[in-house]
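Right, one structure below, let's go through it.
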Amino acid sequence: MKLTKNLLYKTYRSIIGSIAFYPTLIAVGFLLFSIIIMLIEYDPFMMDLKKDLSFVLVKSKEDARLVLGTLVGSIISLMVFSFSMVMIVLNRASSTLSPRVIPGLITDKSNQVVLGFYLGSIIYSLILIVNVQSDETINTPDFGILLSMIFGITCLAFFMYFIHTISQSIQVDNILNSIFSRTKNEMERMTLEGSEVQQEQNTEQWYSLNTSKAGYFKKVKVNELVKLCEHHQIKIQMLQPVGFFFVENSPLLCIDKEIDDELKEEIENCFILYPQEWVSDHYVFGFKQISEIAVKALSPGINDPGTAIKSIHLLTLLYIKKIQMKEKYIVKDSMNVNRVYFKQIVFEQLYDDHITQIRIYGKADTLVMLALLQGLMNIFKADKNKSHYHSIIRYFKALIETCHKNFESELDISSVNKVIEEFNQLKAAPSIAKLSA
Numbered sequence: 001m002k003l004t005k006n007l008l009y010k011t012y013r014s015i016i017g018s019i020a021f022y023p024t025l026i027a028v029g030f031l032l033f034s035i036i037i038m039l040i041e042y043d044p045f046m047m048d049l050k051k052d053l054s055f056v057l058v059k060s061k062e063d064a065r066l067v068l069g070t071l072v073g074s075i076i077s078l079m080v081f082s083f084s085m086v087m088i089v090l091n092r093a094s095s096t097l098s099p100r101v102i103p104g105l106i107t108d109k110s111n112q113v114v115l116g117f118y119l120g121s122i123i124y125s126l127i128l129i130v131n132v133q134s135d136e137t138i139n140t141p142d143f144g145i146l147l148s149m150i151f152g153i154t155c156l157a158f159f160m161y162f163i164h165t166i167s168q169s170i171q172v173d174n175i176l177n178s179i180f181s182r183t184k185n186e187m188e189r190m191t192l193e194g195s196e197v198q199q200e201q202n203t204e205q206w207y208s209l210n211t212s213k214a215g216y217f218k219k220v221k222v223n224e225l226v227k228l229c230e231h232h233q234i235k236i237q238m239l240q241p242v243g244f245f246f247v248e249n250s251p252l253l254c255i256d257k258e259i260d261d262e263l264k265e266e267i268e269n270c271f272i273l274y275p276q277e278w279v280s281d282h283y284v285f286g287f288k289q290i291s292e293i294a295v296k297a298l299s300p301g302i303n304d305p306g307t308a309i310k311s312i313h314l315l316t317l318l319y320i321k322k323i324q325m326k327e328k329y330i331v332k333d334s335m336n337v338n339r340v341y342f343k344q345i346v347f348e349q350l351y352d353d354h355i356t357q358i359r360i361y362g363k364a365d366t367l368v369m370l371a372l373l374q375g376l377m378n379i380f381k382a383d384k385n386k387s388h389y390h391s392i393i394r395y396f397k398a399l400i401e402t403c404h405k406n407f408e409s410e411l412d413i414s415s416v417n418k419v420i421e422e423f424n425q426l427k428a429a430p431s432i433a434k435l436s437a
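Using the UniProt record's numbering, the letters of the sequence shown correspond one by one to residues 1 to 437.
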């Protein structure tokens, strides 16, 4: 049963992550709507309504076939062009930004609704064409044809909207801002309220549980896991943070008491491994996507340092948010008892994972290195409690050393020295030697 639930959850995430999700739902809705229209088309109340609307209704069957055929052909052309535009956007995002931003682009509901409306209008019109009877009969679904014409006009409006949204979504600044906003919102969701404090648990005497699966740790079905813990009166400590890659038989978590194999299987089935990286699962994936866009922008084939600098600025804001937040990493049950302890992702780990690669790829670019130095200096200012004092100083010195090894121009060295001088003037900052030409 648990395996079935796990499979259903993975299938659910796969379906909602598909570009065909909303178009399929809307198309089915149009199909059902067309059937309803055909059933009530010739009811007495509809006949009275059609008398009032006779000036906009199609009377001739030839005209009806012509209108419907024109609508179907035109909307198919719009749909083909729109799908082509989507593929161009996805291809450009994959080649110039990062393949990991694609799930966020294809799940854009507005574009899916437009494509679904196109598809639904085509299906609706085709159903009407089938029901336009031969010339020997007197009935023509003229009200349904009127609705089809309205849908066709709406498709034209949707097409203009689609062109606008595609032209916006293809811009790297909009993609970065979208990832940044979603990451920030996810961080705020995981922030403790008020002065609430969560104490860490001593797990030295706890029992380890190894995973039987391999893959990236993406998500936990928290509610189900907490219910299991409460029912069996156990506590769980995660050994690795979200995003960690597990191999088979590696330690997944530890438990405060021994449990049987059946419960172990139930607990393991609460952990989801799948390939997509959704920011809504954890904010760490937002850091990863922004940093990968920066690295891709610094590659020789793209050579877009402006995008890398924008990414560094957004990452700086997120790092400041990280060091200032009190993160919720303990989940309580209905009796307010601590049950699940998540592995915290500390600032140092986030910085090492996502800034180091930018520093390596952008080490010869003066503006990129200056942006990294300025960003780290702003993080130092924001760290009011100096809880990351030594780490920030170490990172700052590493950046200075990289500049020293790669900068030869006196102008570049002078720019770096200005940042060093500004950093040395900060309160509680140690004195860092300037670079020599």
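Ideal placement from N, C-alpha and C gives every residue a C-beta, glycine not left out.
Separation of residue j from residue i, as counted between CA atoms
| i | j | result |
| --- | --- | --- |
| Cys254 | Asp333 | 18 Å |
| Val197 | Phe342 | At Val197, the pLDDT of 47 sits below 50, so the modelled position is not reliable and the matter cannot be decided from this model. |
| Thr70 | Leu32 | 22 Å |
| Val222 | Val340 | 8 Å |
| Gln168 | Arg359 | 29 Å |
| Ser291 | Lys386 | 25 Å |
| Tyr42 | Lys51 | 12 Å |
| Ala364 | Ile150 | 58 Å |
| Val220 | Arg394 | 34 Å |
| Ile175 | Ser212 | 37 Å |
| Val368 | Asn303 | 12 Å |
| Phe423 | Gly243 | 34 Å |
| Ser195 | Leu228 | With a pLDDT of 41 at Ser195, under the threshold of 50, the modelled position of this residue cannot be trusted; read the value that follows with caution. Using only the alpha carbons, I get a separation of about 29 Å. |
| Ala93 | Phe217 | 25 Å |
| Asp383 | Ile75 | 57 Å |
| Phe45 | Ile267 | 59 Å |
| Lys326 | Gln349 | 16 Å |
| Val72 | Leu126 | 7 Å |
| Phe245 | Leu370 | 33 Å |
| Ser110 | Ile19 | 11 Å |
| Leu146 | Val67 | 10 Å |
| Leu298 | Ile355 | 13 Å |
| Val89 | Thr183 | 22 Å |
| Glu230 | Gln237 | 14 Å |
| Ile345 | Glu410 | 40 Å |
| Leu372 | Phe21 | 40 Å |
| Val416 | Ser95 | 33 Å |
| Val337 | Val331 | 8 Å |
| Gly152 | Thr191 | 48 Å |
C-beta contact flag for residue i and residue j at 8 Å
| i | j | result |
| --- | --- | --- |
| Leu57 | Asp142 | yes |
| Ile293 | Ser311 | yes |
| Tyr351 | Tyr319 | yes |
| Val113 | Ile15 | no |
| residue 438 | Leu263 | This structure gives no information on residue 438, because the portion of the chain shown stretches from 1 to 437. |
| Ile400 | Leu376 | no |
| Phe81 | Phe117 | no |
| Gly144 | Ile37 | yes |
Exposed unless 16 or more other CB atoms sit within 10 angstroms - verdict on residue i
| i | result |
| --- | --- |
| Ala64 | buried |
| Leu225 | buried |
| Ile40 | exposed |
| Leu315 | buried |
| Ile420 | buried |
| Met335 | exposed |
| Gly301 | exposed |
| Pro23 | buried |
| Gly306 | exposed |
| Leu49 | exposed |
| Ala433 | exposed |
| Gln289 | buried |
| Lys427 | exposed |
| Lys405 | exposed |
| His164 | exposed |
| residue 470 | Past the boundaries of the shown model lies residue 470; the chain is included only from 1 to 437, so the question cannot be answered. |
| Lys235 | buried |
| Met79 | buried |
| Asp412 | buried |
| Met187 | buried |
| Leu97 | buried |
| Tyr12 | exposed |
| Gln425 | exposed |
| Lys296 | buried |
8 Å contact criterion, which residue i and residue j should meet: CB distance rounded
| i | j | result |
| --- | --- | --- |
| Phe271 | Val279 | 19 Å between Cβ atoms; not a contact. |
| Phe30 | Gly120 | 3 Å |
Any non-hydrogen atom of the ligand ADP within 7 Å of residue i CB
| i | result |
| --- | --- |
| Phe180 | Among the ligands in the structure shown, none appear at all, so the ligand ADP cannot be discussed. |
query = Taking only runs of the beta strand (DSSP E) that begin and end inside the stretch 156-226, which ones reach a length of at least 3 residues, in chain order?
reply = 207-210 and 215-220
Entirely enclosed beta strand (DSSP E) segments - the stretch 335-415, minimum 3 residues = 338-341
request  = Could I get the ranges of all uninterrupted beta strand (DSSP E) runs contained in the stretch 232-275, with 3 residues as the minimum, in chain order?
outcome  = 236-238, 251-255 and 271-273
request  = Write down every uninterrupted run of the alpha helix (DSSP H) in the stretch 43-81 whose length is 4 residues or greater and which is fully enclosed by it, in chain order.
outcome  = 44-52
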